[in-house]
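Chains as they are written, first to last, in our numbering: chain A, 2 to 346; chain B, 2 to 346.
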């Protein structure tokens, strides 16, 4: 099938997807019968451009890499804001990758609602809307007979949500446990090798894993958002931010690390949720000492991992990258190929 | 959608699937719009029965558990052989789970070809046909516009093939590496705790993990079959049994285990294949000493695991059960739900 795509936001993730789409154009057409043109981009910093016949994305990337505005693109309509780009262009899939406040979920929620109400599919790596409104947005998509894909919100392009949704279907998933934040896992890996927390954090910041203000990662807030998402989307509950107990890794000392080592264990920041016998849930983000033969204990560096507890298969674990320009861009491709597959059959 | 199913062979795996289908009948209908009736069973030891309106499977399981023949089922047509059951009943999906020689792939290959040529979908956990004829059988299915699903041939119901086929699509998968045999991993786990090879093997036999003649497992033949399958189905090559180097675990001693331990490593029987730069392949089953921070090193007991090497995501690993009555029966349900999903959209 052939799709017309529009980017709302055009930062690293959107550019990562664009790289993949350009490099794999032929493969995608030949192997998956997926054809595309990118008709519009609207970014609050970079400006906007719309051409109903499709943009030359190599030219677009060149402009952006030079720090220029999209207004300098030679043809097409300029100056459309996000909402107009969603409503008034001929795009049939909206790629929502704006910079969004993870707590409020805005402006992404507004963009996604607008698109779904306009009968357009949405793929997005924005966590905020899924943390705040997963159930409502999925219902809205269903009502409008379109798809809302967000594989990238947990474990980036590692297909953790699709694993639960497609491949484990028929199972009753009763809980999960995972290393859901790469930055903290990177810091713990360095501390395991002897570095202090402060030095490990500095190194993570140098590599771009941690932000200047690392609170979101090291205090477990990022992992907490993912626990909320998995609980609502995979376990079918409807919890919010406050329902999750939380403790970060800032109080873990070298002494703690060494003590664990001598017991044959390893500290990991674990996000988890289990459905209790009465149907209530117990959700938390908490540092745990795992025995070395736990599949999650061997997951080092910035790698992420997620174990689902199922009734038919017992524990099923997936391990893979949890961040990165192309790795997260690839998550959007998973969603795009799902839409293609669903509509094609 | 509603399907009419026929079992060719009715051993533990078929009975495992039947348990799941009976217990989850309502869930499957409500959540996945999957309805079924089982119209026929033909088993070389247990006899056969056919009722175009569907069999009462609780009654069938009662008979089988008492060691009785299907001829004692109160109604329906008796005495049909496998081929007639495939061709002459009103079944639209054939569940091929006969006892089959893994080297020749027979009689399963004949059953599967007959079914596909008759325009019937096939789901099967038999490794032989996939080792010998994956490419040919998949082509035949395509020609006849039906599906041939075999998720259970690698890692039982842990969705390893579907992970590659659906969720990682868009990636170029360049190789894989896995713990593909649970029995040997169980033996190595016990040896790690101090048991001798002989005692560990005996324990595996007591638990039903290893057969009286354990050659297939301990000499790496079972893992080898899976390497052939993954190479042909996931990497898109067309190799056979002889193209894989092989060494089992029978020569690993307690001394080797202890030496690895002192290096911070752990022995695992690894099945792997990598596509070389010239497009040729390097496939083997070989014991390897893995560092403890390799995601495969923490996989203990009879659990299986498989790492795919991809161009977009780097390494992606799935860990889960590799055997078991219900776990393997569940693999057939994955295939059935895929058929349902593909035809429904």
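No residue lacks a Cβ here, since even glycine has one placed at the ideal position from N, Cα and C. Since the structure is predicted, the reported quantities are computational estimates derived from the model, not experimental observations.
When secondary structure is reduced to three states using DSSP, residue 331 of chain A falls in the helix class. Exposure of residue 28 of chain A is indicated by the presence of fewer than 16 other C-beta atoms within 10 angstroms of its C-beta. Judged by beta-carbon spacing, residue 121 of chain B lies beyond the 7 Å limit of residue 154 of chain B, meaning their Cβ atoms are not closer than that value. Sorting B/45, B/265, B/277, B/282 by C-alpha distance to the C-alpha of residue 299 of chain B places B/265 at the top.
The Cβ atoms of residue 211 of chain A and residue 328 of chain A do not sit closer than 7 Å to each other. Residue 326 of chain B is outside the set of residues whose beta carbon lies under 7 Å from a beta carbon in chain A. Closer than 7 Å to the CB of residue 319 of chain B there is at least one CB belonging to chain A. In the DSSP annotation of this structure, residue 118 of chain A is not part of any beta strand (DSSP E); the continuous alpha helix (DSSP H) holding it starts and ends at 109–118. Taken through DSSP and simplified to helix, strand or coil, residue 241 of chain B comes out as coil. DSSP, reduced to helix, strand and coil, places residue 284 of chain B within a strand of the structure shown. A/237 is the residue among A/237, A/194, A/279, A/195 whose C-alpha sits nearest the C-alpha of residue 140 of chain A.
A direct Cα-Cα distance of roughly 37 Å separates residue 15 of chain B from residue 31 of chain A. For residue 188 of chain B, the enclosing alpha helix (DSSP H) stretches over residues 183–193. Of all residues in the segment 10–23 of chain A, only 21 place a beta-carbon less than 8 Å from a beta-carbon of chain B. Residue contact check for residue 145 of chain A against chain B: no CB pair falls below 7 Å. Beta-bridge partners assigned by DSSP to residue 321 of chain A: A/305. Residue range 26–33 is occupied by the alpha helix (DSSP H) that includes residue 32 of chain B. In this structure residue 165 of chain A touches residue 309 of chain A by the C-beta definition: roughly 6 Å separates them, less than 8 Å. DSSP places residue 311 of chain A within a strand segment (E or B) once states are collapsed to three.
DSSP places residue 136 of chain A in the uninterrupted alpha helix (DSSP H) bounded by 128–144.
Collapsing the DSSP output to three states places residue 149 of chain A in a strand. Contact annotation for residue 25 of chain B against chain A: 171 [CB-CB distance below 8 Å, chain order]. Taking the Cβ atoms as the reference, residue 65 of chain A lies roughly 34 Å from residue 318 of chain B, outside the contact range of under 8 Å. Rounded to the nearest whole angstrom, the CA to CA distance from residue 253 of chain A to residue 198 of chain A is 8 Å. Counting the other CB atoms within 10 Å of its CB gives residue 93 of chain B a total of 16 or more, which places it among the buried residues. When A/226, A/131, A/36 are compared, the shortest CA-CA separation from residue 149 of chain A is found for A/131. Residue 71 of chain A is positioned such that its CB atom lies closer than 7 Å to that of residue 50 of chain A. A direct Cα-to-Cα measurement between residue 275 of chain B and residue 75 of chain A gives close to 45 Å. Against chain B, the beta carbon of residue 273 of chain A has no neighbour under 8 Å; the closest one sits roughly 17 Å away.
Annotation for residue 45 of chain B: 10, 83, 99, 100 place their beta carbon closer than 8 Å to its own, counting only its chain and skipping 5 residues before and after.
When the alpha-carbon of residue 280 of chain A is set against those of A/204, A/338, A/2, A/232, the nearest one is in A/232. For the pair of segments examined, the segment 254–261 of chain B was found to touch the segment 189–207 of chain B: the number of CB pairs separated by less than 8 Å reaches three. Each of A/59, A/218, A/26 was checked against the Cα of residue 183 of chain A, and the nearest Cα belongs to A/218. Listed along chain A, the residues sitting closer than 8 Å to residue 295 of chain B by beta-carbon distance are 299.
For residue 248 of chain B, there is no enclosing beta strand (DSSP E), as DSSP marks it with neither H nor E. Taking a beta-carbon distance threshold of 7 Å, residue 163 of chain A counts as an interface residue toward chain B.
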